[in-house]
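The structure appears right after this line, and notes come after that.
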Amino acid sequence: MRSTPHILVVNGTKVRRPVFILGAPHSGAELLSRAVKRSPSFHLTTGRPGVLRVTYAFARQPSIATERGKGAARVLRDAYAEAWQVSARACAQCPDECREMAGLPPRPPVPPGHLAALVRA
């Protein structure tokens, strides 16, 4: 089986050399992320739930990567690919921390009545 020359497909575009910035708290990754996020032609997300769940799972049990090999790599790739989805709602779904890094205002609070309607649905 031939391997594909690309690592991700984002909105139909094959991404051959993506850049991932991973870092522990207080490591300087936040400063680098802020600079990259404000640069034109870069799409950067932080704190996406899918990526966080997978990252925490690997951190809690590092043996996942060694015991499951290609399957573990595929799970990581899929989590990152999901986080890279660029759509009209992508930034609206980002946590406030991500919006702050981009210089965007925080999301307006959800009115209490609207939240109750969502819970009932």
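Mapping to this note's numbering: the sequence shown position 72 is 134, numbers consecutive.
Note that CB positions come from ideal geometry on N, CA and C, so glycine has one too.
Item checked: 8 Å Cβ cutoff met for TYR142 and VAL98 -> 8 Å or more divides the Cβ of TYR142 from the Cβ of VAL98.
Check: Would a C-beta distance cut-off of 8 Å place THR108 and GLU144 closer than the cut-off?
Finding: Going by C-beta atoms, THR108 is not nearer than 8 Å to GLU144.
Notebook entry, point to check: When you compare only the Cα positions, how much space is there between PHE120 and SER95?
Noted result: Rounded to the nearest whole angstrom, the C-alpha separation of PHE120 and SER95 is 22 Å.
Next item on the list: For ILE184, I'd like the list of residues in its chain whose CB is within less than 8 Å of its CB, leaving aside the five on either flank, ordered along the chain.
Entry: As displayed, the chain neither begins before 63 nor continues past 183, which places residue 184 out of reach and without an answer.
Next item on the list: Would you check if the distance between the CB atom of ALA134 and the CB atom of ILE126 is smaller than 8 Å?
Entry: Going by C-beta atoms, ALA134 is nearer than 8 Å to ILE126.
Next item on the list: Could you tell me the distance, in whole angstroms, from the CA atom of PRO111 to the CA atom of ASP140?
Entry: When the Cα atoms are used, PRO111 and ASP140 turn out to be separated by approximately 13 Å.
Notebook entry, point to check: Cα separation between PRO44 and GLU129?
Noted result: An answer regarding residue 44 cannot be provided, because it is not within the stretch 63 to 183 covered by the chain.
Checklist line | Backbone secondary structure at SER95 - three-state DSSP | finding: SER95: helix per DSSP, three-state reduction.
Checklist line | DSSP-derived helix/strand/coil call for ALA183 | finding: Only weak support is given to the placement of ALA183: the predicted model assigns it a pLDDT of 47, under 50, and the value that follows is read from those uncertain coordinates. In the structure shown, ALA183 adopts coil according to DSSP, grouped into three states.
Next item on the list: Determine the direct distance from the alpha carbon of SER101 to that of GLU162, and round the result to whole angstroms.
Entry: In this model, GLU162 and SER101 are separated by some 14 Å (Cα to Cα).
Checklist line | Coarse secondary structure for GLY133, derived from DSSP in three states | finding: Under the three-state reduction of DSSP output, GLY133 falls in the helix class.
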